[in-house]
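**Student:**
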Amino acid sequence: MTHTENGWQTKQARTRVIWNNYAVTFLQDVPRTSTRYVARESERSLPPRSAPLMLGAHLTDNGADFVVTAPNATAVDLCLFTPSATGLRETRYSLHRRGELWAGHVSGVRAGQEYGYRVHGQWDPQRGMRFNPAKLLLDPYGRAITSTPQLSRELYAHRVDDELRPLTYPPARDDADSAPYQARSVVVAPTHANISHPFTPWDQTVIYEAHVKGFTQQLDRIPEPLRGTYAGLAQPAVTDYLRSLGVTAIELLPIHAKMSEPFLTQRGLSNYWGYSTLSYFAPEPSYATETAQLGGPAAVLQEVRDMVARLHDAGIEVILDVVYNHTSEGGVDGPSVCWRGFGQTSYYMQPANDAGAFYDTTGTGNSLDFRRQTVLRMTLDSLRYWVEEIGVDGFRFDLATTSARKGDQFDPHHPFYMALATDPVLRHVKLINEPWDIGPNGWQTGNFPRPSADWNDRFRDTVRSFWVSDQRQISQGGLGGDLRDLATRLSGSADMFGQGRWPGGRGPNASINFITAHDGFTMRDLVSYDHKHNEVNGEDNRDGSDNNRSWNHGFEGDGTREAPVPLEIAQARTRTLRNLIGTLIFSAGTPMIVAGDEFFRTQHGNNNAYCQDNALTWLDWNLDECQRNAQLTMAYLLRLRAEHRVLRPADFFTQTPTKSDMLPDLTWYADTGDPMPEHRWFDPANRVLQMLRSGRDRDADALIVINGAANEVRITLPEGRGNPYNLAWDSTWERPRESQQVYVPGATTVIAPNSMRLYFANPIT
């Protein structure tokens, strides 16, 4: 077929094939002649009208000011695109240098104007200079974009072959015009949104990680045109569901505009998760409804604003997963679509004494350098924009260690984090770190500063080990680990978050407790597979983590109609899943749940489904009875957490009484009902633990009993303050139920193998 866009024509053929059991459509380039870039004299823009200068495109009373950063450029052309009889006509305006900025005013510009930049300067890749005016560049501050760039040789500032590899070293500048294949930035009108943030306290927060498209793509309770879109996520069927589950904040996988890595596009795949950012200000247009996409970039942006507003109406905060550590431009041999073209040394981290190379701490080919003012300013401006003009309530920083780097070293007092802590806008929203990267000293869980919180991978690994991989060892005649690390995670991970200049350090709620995330096995797959099964990704199952701490309970996978999972194995798996859920919700800290784990969704063993935009990753809402029971269990336990402050402490435990309460805030007991003897903490054969939390004078006392042994154990309930214990939940229950079981202190009871219970005593009336 012939594809016509913006006045340029390219010929493409579509080939539909079956690849790894999935139907995939490939776009194949028919040999073509590239459009050669033609240098011509640009019109002179007027001096900018605004003061001080603001980066990006900003409307004035009679046009717009355009401002970009390019300190090493020799000239910058603003390119405006207007409709013509043959497509789009490009008009170029030369901008005025203002120090490291280039700025200009063009009269008559209105909202909806499409534009880009061409930057002139030296071509010396070995010195990090890759200026090439043949390449149309997106505005790093553009609030909206027209589309995703079409992968082609023309997007590369240097000459490449058909496999997009450099033809020469050092690379030679390419003079093919990239405009026919490039997206364009769009001028948008300022907004005056009346935003009301929920500002949910940390100790009441429950985070639900979800993908905009995958969450509703197969949800038949919303109209079909809205499925998989921003508007779909704002439907009452979604907000009502989240509220009924007990969720207070939805954490969305990246919705910044994206461009998939070339190697994925060449395979007919895409970066479904979105960790390949094309713009830090513009939303991803493909997640908007068809109506909004046809209405143009401004309509897409409005749909995002409306989504946030409707979630706020339901009392649900919106947290964005953001990728400020790297961009979609890849390594030094990647395409030139934005930042690289304005001066790669202004944005990207280089090794010492080698400006032509990239220092990669992210595993993606490039790392943004947070020692650069351009990077700091862009990131902070982007964050404030999403809070003040879109209404977002917080951010989860992907590979956050890169954002706090000074070369090889992580700096907990990095200027970026000091700016976040003191910024009048950003210090009030939720700031969450993925506290690692792949560079030197990359693992930094617990070491980031207030007021940010960290994903707690130690919690993940400890809970997985105790309930899953240890159980495999025990089933094979071995021993699991002892109870020390589990007790530390249950009580809030004070070893990691209790240190610092403030009493109590960052507090237990700085620990984002999770067992699964988008990256890795789902919770169901964690108990159903011994090994990852990523064959469909096309990397010979080499991708994805091998350190899963999983156990299939004796049967790999979900079985088939001819060879189903044996009943006893299925029952053991679901009990393990309930143990995982109970431990997550009862532990001190902020719980994070992955969408679908509440009803045991599966990805059939794929633990790296980043490139699977299909039914493998979309939530399947056709639930069987077991899944509905799981959903009820999650909602019930989250309701208990919301109703009982004793289950969500805001401070670390001291394990001491107070003048007003003779019962310590936390006491550990053995199966005998006596305080846990010191030596039993170190005994891997001891898999039984009783945790008694005082409700002080504000709540009931809570007793959590854990039996990680493969056999049933008779326990004696501790004395506590002398009040009877009411059984609230047992992980052997397939679904929540009313319990009339009441035990006096000192009573004995039998706890089933591999199970846990929750009791309340001294209820407040």
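So the sequence shown is residues 1 to 765, counted in full-length UniProt numbering.
Note that CB positions come from ideal geometry on N, CA and C, so glycine has one too.
Just so we're clear, the structure is a prediction, and the values are computed from it rather than from any experiment.
1) With 16 as the cutoff for other CB atoms within 10 Å, does ASP540 come out buried or exposed?
2) So with Cβ pairs under 9 Å, would you call SER94 a contact of chain C?
3) Could you tell me the boundaries of the beta strand (DSSP E) in which CYS611 lies?
4) Are at least three pairs of beta-carbons, each pair with one atom in the segment 226 to 244 and one in the segment 282 to 299, less than 8 Å apart?
5) Run through DSSP, which three-state label would TRP339 get?
6) On the premise that VAL468 lies in contact with VAL527, defined as a C-beta separation below 8 Å, what is that separation, rounded to the nearest angstrom?
7) Indicate the three-state DSSP secondary structure (helix, strand or coil) for ASN456 in the structure shown.
8) Using C-beta distances below 6 Å, list every residue in its chain close to ASN433, excluding the 5 sequence neighbours before and after it, in chain order.
9) For TRP102, list the residues DSSP reports as bridge partners.
10) If distances are taken between C-alpha atoms only, which option among GLY557, PRO591, GLU284, THR35 comes closest to VAL304?
11) Is LEU689 helix, strand or coil by DSSP?
12) Decide if ARG127 is buried, meaning its Cβ has at least 16 other Cβ atoms within 10 Å, or exposed.
13) Thinking C-alpha only, which one of ASP457, SER328, THR488, VAL308 is nearest ILE319?
14) Short of 6 Å in beta carbon distance, which residues of its chain neighbour GLY56, apart from the five on each side in sequence? Order them along the chain.
15) Taking the straight line between their C-alpha atoms, what separation do you get for PRO149 and LEU376?
16) Could you tell me whether the segment 740 to 755 touches the segment 566 to 580, using the rule of 3 or more Cβ pairs below 8 Å?
17) From PRO412, GLY407, VAL322, pick the residue whose C-alpha is nearest to that of LEU380; which is it?
18) Which same chain residues, not among the five before or five after ARG524, have their C-beta less than 6 Å away from its C-beta?
19) Tell me, please, which residues DSSP counts as bridged to PHE410.
20) Are the CB atoms of GLY104 and PRO48 within a distance shorter than 9 Å?
21) For the beta strand (DSSP E) that contains HIS58, what are its first and last residues?
22) GLY481 by DSSP, collapsed to three states: which one?
23) Which residues share a DSSP beta bridge with ALA249?
24) By alpha-carbon positions, which one of GLY708, PHE459, THR327 ends up nearest to ARG472?
25) I need the straight-line Cα distance from ALA183 to ASP220, nearest angstrom please.
26) Please classify GLN612 as buried or exposed, where buried requires at least 16 other C-beta atoms within 10 Å of its C-beta.
27) What residues in its chain sit with their C-beta under 7 Å from that of ARG36, if we drop five residues either side in the sequence?
28) Where does GLY63 sit, in a helix, a strand or coil, going by DSSP?
29) Could you tell me which whole beta strand (DSSP E) segments of length 3 or greater appear in the segment 539 to 607?
30) Just verifying my parser: in three-state terms, what is the DSSP assignment at VAL713?
31) Take every Cβ of the segment 111 to 123, pair it with every Cβ of the segment 75 to 91, and state whether three or more of those distances are shorter than 8 Å.
32) Runs of 4 residues minimum, wholly inside the segment 606 to 652: which ones carry the alpha helix (DSSP H) assignment?
**Tutor:** Put simply:
1) exposed
2) The structure shown contains no chain C, having only a single protein chain.
3) CYS611 -> no beta strand (DSSP E), and no H or E assigned at all.
4) Judged by Cβ distances under 8 Å, the segment 226 to 244 makes contact with the segment 282 to 299, as three or more pairs qualify.
5) helix
6) 6 Å
7) strand
8) PHE397, ALA400, PHE448, SER452, ASP454
9) VAL68, ARG97
10) GLU284
11) Reduced to three states, the DSSP call for LEU689 is strand.
12) exposed
13) VAL308
14) TYR141
15) 26 Å
16) yes
17) Of PRO412, GLY407, VAL322, the residue nearest in Cα terms is VAL322.
18) PHE600, THR602
19) ARG405
20) Result yes, Cβ atoms of PRO48 and GLY104 sit closer than 9 Å.
21) 56 to 59
22) coil
23) ILE207, GLU317
24) Comparing Cα-Cα distances from ARG472 to each of GLY708, PHE459, THR327, the minimum goes to GLY708.
25) Straight through space, the alpha carbons of ASP220 and ALA183 are spaced by roughly 33 Å.
26) buried
27) By the criterion of a C-beta distance shorter than 7 Å, ARG36 is surrounded in its chain by ASP175, ALA176, ASP177, once the five residues flanking it on both sides are discounted.
28) Of the three classes helix, strand and coil, the one that applies to GLY63 here is strand, per DSSP.
29) 590 to 594
30) Residue state, collapsed to three classes: strand.
31) yes
32) 625 to 643
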